[in-house]
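Numbering (this note's numbering), first residue to last: 170 to 588. A virtual CB, placed ideally from N, CA and C, is assigned to each residue, including glycine. Since this is a predicted model, take the numbers as computed values, not measurements.
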RNA sequence: GGAGGGGUGGGCGAGCGGACGAAACCACCGGUCUUGAAAACCGGCGAGCCGUAGGGCUCCGCGGGUUCGAAUCCCGCCCCCUCCGCCA
């Protein structure tokens, strides 16, 4: 949620920056309503002050045993007037809130302007491996070895639900465990949160109202299934005033993630690339305002650390304005290379949402004793998303003899060197 | 799911139709005293919104209602605690 004051102060500048994300954005209505709202506030508050004075007078008169019927009658009609104005004010405010809730965050000046293709590759790690034999798609490897069973998963749940079996399940679990403890060792507070959340939580996360169709919803209990732990963790300090000494607060959570992924998929998203359910270890930071961009670098570095430990070639990209999630000001992705299809896939997305979510969740901190509380900045970063990571391991580590090499750091947990 | 009790400022907790944005205590900040600190004493200390300002409005879990006036009364919902039921 953007600050209406910010729109008021620089309507043209903010509108221009928002249009770099979505050219159809138009702030005219919201600004008009804002003016109307301010004038209504003044009118209604003036009358309320009058009512309060009158009501106190009633108390005094009654105490002195004097007649109050006349005064009460006039206050009665004043109360009616107030009720009307309050109604109007409520309607105008609700409309403003609705329009405001649909607006994306203001992009950071360093974010490249434009469509998806405008993203910038910042750096990369290792080279993509060279193979002197015909390479296989991870789905082929998975089915051959009986470690991925999409067929039976479809019987149980439907298309695009993965099922890991045997070595597949062992490798997936080992990855989750390795990543979780990797971040714990780096000082992140480990959390296993609820996997379902209410609508208020999803509003704070900015999943609602705009992206309701992307998530699974249990109507009977009015609960949503977690699409990313970001949606859950951002609510961890809702309504709280944190103390500066506690910042940054760093959390790491493991959750399965559920996404409806309604719509069509291309051939290049077969297998584990785009599924309704996947596992993810997520980092989340609540920071002071001045440090959020250095913390963004840190969260990216922590995510990269996992890929480096696994020894997988990847690249780091800076997303363009039109490719970022609504709540983000700046997003940096990590992409692994899948030789089976000769292209890169996102395994981590690290964002600084500045105060966009904190404003919705009313999460603040006091910069110093007796100073006004400020909104925290919230950052999220996958560290990392594993169905795609498992696919990356299967494809990158395949060998001429058909076996797949287990990364050094996972050998012990998996209990094998090769699949 | 059923019965009862409860949700008040950073914490604890009083208030249960007007004098209450809210006592007391703790925490915190400033001062006096002290070589310094502690103790003691004095003072300060919630948040949001509107207004150039003086000032005003709103907030006692959330949402409605009654009333000239609601933390206080009524209705609905949420959460916590105790007991019962069910259950991995």
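Asked	Found
When 206, 577, 308 are compared against residue 260, the one with the closest alpha-carbon	206
Segment limits, alpha helix (DSSP H) that includes residue 342	336 to 354
Residues that residue 373 bridges to, as DSSP identifies them	DSSP output for residue 373 lists no bridge partner at all.
Endpoints, alpha helix (DSSP H) assigned at residue 249	238 to 271
CB contact flag (residue 307, residue 440, <8 angstroms)	yes
Cross-strand partners of residue 550 (DSSP beta bridge)	452, 519
Which listed residue (518, 438, 584) has its alpha carbon closest to that of residue 487	518
Proximity test, residue 196 beta-carbon vs the ligand NAP heavy atom, cut-off 7 angstroms	Annotation note on the ligand NAP: not contained in the displayed structure, which lists no ligands.
Rounded Cβ spacing between residue 351 and residue 474 (contact assumed at less than 8 angstroms)	7 angstroms
Residue 560 and residue 476 closer than 8 angstroms at C-beta	no
CB of residue 451 within 8 angstroms of CB of residue 421, strictly	yes
Identity of the residues DSSP links to residue 494 by a beta bridge	The partner list for residue 494 (beta bridge, DSSP) is empty, contrary to what the question assumes.
N-terminal and C-terminal residue of the beta strand (DSSP E) that residue 427 is part of	418 to 427
With 16 other Cβ atoms within 10 Å as the buried cut-off, status of residue 444	buried
Range covered by the alpha helix (DSSP H) that runs through residue 475	461 to 479
Proximity to residue 359 [Cα-Cα], best of 188, 423, 177	423
From 276, 232, 264, residue whose alpha carbon lies closest to that of residue 182	276
Paired residues, beta bridge with residue 181 - DSSP	BP columns for residue 181 are empty, so no partner.
Buried/exposed call for residue 526, threshold 16 Cβ in 10 Å	buried
Contacting residues, own chain, Cβ-Cβ under 7 angstroms from residue 406 (five flanking each side not counted)	455, 532
The region 245 to 265 in contact with the region 207 to 219 per 3-pair CB rule at 8 angstroms	yes
Cβ-based neighbour list, residue 329, same chain, cut-off 6 angstroms, excluding 5 preceding and 5 following	444, 445
Cβ-Cβ separation, residue 311 to residue 558 (assumed contact under 8 angstroms), whole Å	About 14 angstroms separates the two Cβ atoms, so there is no contact after all.
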